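Going line by line, the protein sequences match chains V and W.
Just so we're aligned, residue 0 is where the first sequence starts under numbering that gives the first Met the number 0, counting upward by one.
Just so we're aligned, residue 0 is where the second sequence starts under numbering that gives the first Met the number 0, counting upward by one.
Ideal placement from N, C-alpha and C gives every residue a C-beta, glycine not left out.
For clarity, every value in this text was computed on a predicted model and none was experimentally measured.
Everything on this sheet refers to the single structure shown next.
Protein chains: 2
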Amino acid sequence: MSAEQRITGRTGILFILADPVAHVVGSDRLNARFAAEGLDMAVSPLHVQPKDLAAVIGTLRLLQNVRGFGVTIPHKIAVMPLLDAVTPRARLIGAVNFVRRNPGGRLTGDNLDGQGFVDGLAASGIGLAGRRVLQLGAGGAGRAVAFAVAEAGASALFIHNRTAARAQALAEAVGAAWPGCAAASGPDDPRGFDVVINTTSMGMHEGDPLPMDVGRLAASTDVAEIIMTPALTPLLVAAQARGCRISLGTSMLDAQYGLVKQLLGIPS
Amino acid sequence: MSAEQRITGRTGILFILADPVAHVVGSDRLNARFAAEGLDMAVSPLHVQPKDLAAVIGTLRLLQNVRGFGVTIPHKIAVMPLLDAVTPRARLIGAVNFVRRNPGGRLTGDNLDGQGFVDGLAASGIGLAGRRVLQLGAGGAGRAVAFAVAEAGASALFIHNRTAARAQALAEAVGAAWPGCAAASGPDDPRGFDVVINTTSMGMHEGDPLPMDVGRLAASTDVAEIIMTPALTPLLVAAQARGCRISLGTSMLDAQYGLVKQLLGIPS
């Protein structure tokens with residue numbers, strides 16, 4: 000946080016709801032960006048247990064200097080029925096990660112994960128329009144990424160998941176929402192794809208197997224991660240060694256800042 | 000706030016509850032002090048309407064990374080029945096201005112205004128032990144100051160108030176709590192007093208009359224204010240011109256920092 004940020008009664012207050020909370024650093028990232036732009040906003044994490052979520056959300060409606068709040072594990076799905084409205088993309092994804100508090104206390108939920116990921120790719124020089132994408136993983140983060148990849152104009156999205164039925168279900172949902180994108184479940188073979196995206200947690204812990212066979216990666220294939228720690232996963236290291244363009248998981252967070260401002264109605 | 004303060008999931012979160020909220024700057028003062036000492040704590044104001052106080056307090060119990068909260072106008076009295084315990088001095092004063100959130104959510108209220116004021120006097124070189132004190136005003140702030148002045152060992156405390164019955168009632172309560180201090184209501188004549196304390200709001204707004212006849216001030220009489228804006232009130236300017244030692248209202252806030260840390264169990 001820069002020396003310019005000062006939290007007073009005029010500051011727009013934001014929170015990040017999480018359980019556990021100790022690992023949360025998104026508040027610091029957002030505060031640094033707000034301070035750098037001279038915006039009078041401040042973000043604090045709140046440690047909220049699942050049993051208390053409804054009560055906390057009810058109180059956040061009442062706090063008139065609160066502008067909104069981020070929602071992270073384990074609250075992204077449970078928060079939805081507690082809000083007044085959610086955006087179509089959050090509805091599709093089935094999860095909310097940021098909520099705008101409107102004057103009067105009305106709460107609008109959005110999901111910035113997928114769009115943040117796509118914007119992060121763009122910031123790394125990786126476009127999606129008309130391209131063939133292989134996505135590894137069909138979990139919560141994978142859902143957000145898949146819809147955003149299709150929305151960004153990918154011509155094809157193949158989803159590989161350990162439990163194939165889950166990949167199949169996600170592909171069908173994406174294809175129904177974005178008929179211009181040929182979505183299907185498939186194997187983890189990267190040959191013939193323009194972009195490979197890892198949305199599994201493989202690479203987060205030392206000793207994890209690689210999420211796919213990197214020996215099949217062509218130098219022309221772009222490789223992206225959603226894992227943030229470590230920033231350079233074994234997959235990205237291997238992809239770089241083969242000459243691929245890469246995008247770090249942290250790019251997604253950086254890109255979400257602009258989306259948070261947009262959701263809160265703060266002029267850019 | 001210094002460049003060192005960063006708000007993460009490990010940060011101890013504090014609030015200041017107020018309505019209205021825009022004028023609140025105590026959060027910034029506390030944050031600056033925490034940052035200067037390298038303490039991982041962050042304070043944000045919360046705009047809480049009186050009708051919402053009970054709900055907000057109930058939720059603050061649930062938030063596990065919240066360490067406590069300040070309470071200011073108009074919540075200092077209303078908060079009392081919502082807490083699990085209040086300190087004897089808060090009970091005497093009849094108001095709470097800071098609450099400790101204990102692990103598990105139990106809330107303990109204290110009132111640091113009076114002790115902060117007395118500590119602020121001491122920091123300005125003004126002692127109270129064995130001294131005769133004239134206090135102007137018997138409102139909410141006056142109650143806090145009066146008990147603390149008696150507790151600090153003043154030999155006599157005379158209280159002047161526009162509504163004399165209020166001064167009388169406060170003097171009786173102070174005398175009952177601190178029999179060693181001769182407490183009484185009386186006129187606003189400073190002759191014969193060692194210390195004069197203004198706890199009225201006179202001097203806050205341009206054109207306010209002086210809260211007493213400064214022509215009767217001896218150079219040996221110390222003069223203290225609780226008004227913080229302006230820092231140098233007309234009373235203090237006049238007292239200085241007559242050679243009196245003075246203490247600013249802001250001294251009280253500065254001194255409260257140490258008391259907040261003590262209440263929260265943060266080692267000094």
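Query, Result
"Between which residues of its own chain and F33/V is the CB-CB distance below 6 angstroms, once the five residues before and five after are set aside?", "M40"
"Give the secondary structure of D118/V by DSSP, where H, G and I count as helix, E and B as strand, and everything else as coil.", "helix"
"Counting C-beta neighbours from all protein chains within 10 Å, is the total for A2/V 16 or more, i.e. buried, or is it exposed?", "Residue placement at A2/V is poorly supported in this model, since its pLDDT is 47, which falls under 50; the coordinates still yield a value, given next. Under this definition A2/V is an exposed residue."
"Say whether chain V places a C-beta atom closer than 7 angstroms to the C-beta of R131/W.", "no"
"R9/W lies in the beta strand (DSSP E); which residues open and close that run?", "Premise fails: R9/W is in no beta strand (DSSP E) and is neither H nor E."
"Verify the CB distance criterion: does L62/W have a CB-CB separation below 7 angstroms to chain V?", "yes"
"Output yes if chain W places a C-beta closer than 7 angstroms to the C-beta of M0/V; else output no.", "Bear in mind that the predicted position of M0/V carries a pLDDT of just 43, short of 50, making it unreliable; the figure below should be weighed with that in mind. Judged by the 7 angstroms Cβ criterion, M0/V is in contact with chain W."
"Please work out which residues of its chain come closer than 6 angstroms, Cβ to Cβ, to V78/W, disregarding the five sequence neighbours upstream and downstream, and give them in chain order.", "V70 and V95"
"Using 10 angstroms around the beta-carbon of G108/V, count the other beta-carbons present and answer buried if the total reaches 16, otherwise exposed.", "buried"
"Report the neighbours of G57/V on chain W: residues whose CB is nearer than 9 angstroms to its CB, in chain order.", "A54 and T58"
"Step through the CB atoms of chain W and report whether any lies within less than 7 angstroms of the CB of G8/V.", "yes"
"Taking just the CA atoms, how far does S184/W sit from Q167/W?", "5 angstroms"
"In chain W, which residues lie less than 7 angstroms from N30/V when you measure between Cβ atoms?", "I6"
"Identify each residue in the region 19-46 of chain V for which the Cβ-Cβ distance to at least one residue of chain W is less than 7 angstroms, and report them in chain order.", "V20, A21, H22, V23, V24, S26, D27, N30, A41, V42, S43, P44, L45 and H46"
"For A223/V, write down the residues that DSSP places opposite it in a beta bridge.", "I196/V and S246/V"
"If contacts are defined as beta-carbon pairs under 8 angstroms, then F192/V and L133/V qualify, I think. What distance do you get, rounded to the angstrom?", "4 angstroms"
"What first and last residue would you give for the beta strand (DSSP E) that runs through T107/V?", "L106 to D109"
"Within 10 Å of its beta-carbon, does H74/W have 16 or more other beta-carbons around it, so buried, or fewer, so exposed?", "buried"
"If we cut at 7 angstroms on Cβ distances, does I72/W have a partner in chain V?", "no"
"For G141/V, count neighbouring C-beta atoms within 10 Å of its own C-beta (all shown protein chains included) and say buried if the count is 16 or more, exposed if not.", "buried"
"So, with DSSP's three-state summary, where would you put G124/V?", "coil"
"V253/V CB to nearest chain W CB: under 7 angstroms?", "Per the sequence shown, residue 253/V should be read as Asp rather than Val. Not an interface residue."
"Taking C-beta to C-beta, are S246/V and I125/V nearer than 7 angstroms?", "yes"
"How about P189/W and V195/W: are their beta carbons less than 7 angstroms apart?", "yes"
"Can you say whether R161/V is buried or exposed, counting buried as having 16 or more other CB atoms within 10 angstroms of its CB?", "exposed"
"Mapping DSSP to helix, strand and coil, what is R60/W?", "helix"
"Going by beta-carbon coordinates alone, are N110/V and H46/W separated by less than 7 angstroms?", "no"
"State the Cα-Cα distance for the pair A151/W and A121/W, rounded to the nearest angstrom.", "10 angstroms"
"What are the boundary residues of the beta strand (DSSP E) that G25/W is part of?", "Careful: G25/W lies outside any beta strand (DSSP E), inside the alpha helix (DSSP H) at G25 to A35."
"In angstroms with no decimal places, state the Cα-to-Cα distance between A21/W and V173/V.", "46 angstroms"
"Hey, which unbroken runs of the alpha helix (DSSP H) at 4 residues or more fall wholly within the region 138-187 of chain W?", "139-150 and 163-176"
"Rounded to the nearest angstrom, how far is the Cβ of G113/W from that of F146/W, given a contact under 8 angstroms?", "6 angstroms"
"Counting C-beta neighbours from all protein chains within 10 Å, is the total for T228/W 16 or more, i.e. buried, or is it exposed?", "exposed"
"Going by other Cβ atoms of all chains shown within 10 Å of its Cβ, with 16 needed for buried, is M171/V buried or exposed?", "Checking the displayed sequence, the identity of residue 171/V turns out to be Glu instead of Met. E171/V comes out exposed."
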